[in-house]
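This report concerns only the one structure given below.
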Amino acid sequence: THLGHSFPTRRSSDLVRYKIKLVVNAGGLDPVGLKTAIEALAAKQGLSSVVVAAVHGDDIQSSYPVLQRTEGAITGFSPFGDTDGTRVEEKESVHKFLSVNAYVGAKGIAMALDRGATIVVTGRCVDSALTLGPCLHAL
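Numbering (our numbering), first residue to last: 1 to 139.
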């Protein structure tokens, strides 16, 4: 992960100076890895007061086979179906997903901010949570 352009020294020091909290849906498939990279860069820049949190739990790929077999756990979704729910011929290549994610909400973001995070990185996250999470924290 290259963060040199997205986390420049001047702007990152402004987070500390002005006590700015940053919440970003930028973890992609590895929010914990991004958290670690940001922490390393902050440490390299001497920003020891920057606390980084990763909100994860969106990756449900390992649970997907069980969820498919559980009645009602996944409704209205079939990677092999048409939009009307009819099943189309399965192809071997379709069985291998790159990722299976469930979007997380605002609660994890609020909890991270409550616990002192300066920067919160999420995995897959609903758009509204990026605003609602900080609001829950503030109120």
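We put the beta carbon where it would ideally sit given N, CA and C, even for glycine.
Outcome for residue i when other beta-carbon atoms lying within 10 angstroms are tallied against a minimum of 16
i   : result
R69 : exposed
E89 : Only weak support exists for where E89 lies, its pLDDT of 47 falling under 50; the coordinates are left without a value.
R17 : exposed
P31 : buried
Residue interval of the alpha helix (DSSP H) (run including residue i)
i    : result
S38  : Looking at the sequence provided, one finds Ile at residue 38 rather than Ser. Element bounds for I38: 31–44.
I109 : 106–114
L136 : 129–138
For residue j and residue i, believed in contact at Cβ under 8 Å, the rounded distance
i    : j    : result
V121 : V52  : 7 Å
I60  : A26  : At roughly 20 Å, the Cβ-Cβ gap does not stay under 8 Å, so I60 and A26 are not in contact.
V104 : A129 : 7 Å
L22  : T118 : 7 Å
Y64  : V100 : 5 Å
Terminal residues of the beta strand (DSSP E) in which residue i lies
i    : result
V23  : 22–24
I143 : Because the chain spans 1 through 139 in this model, residue 143 falls outside it and cannot be assessed.
A53  : 52–55
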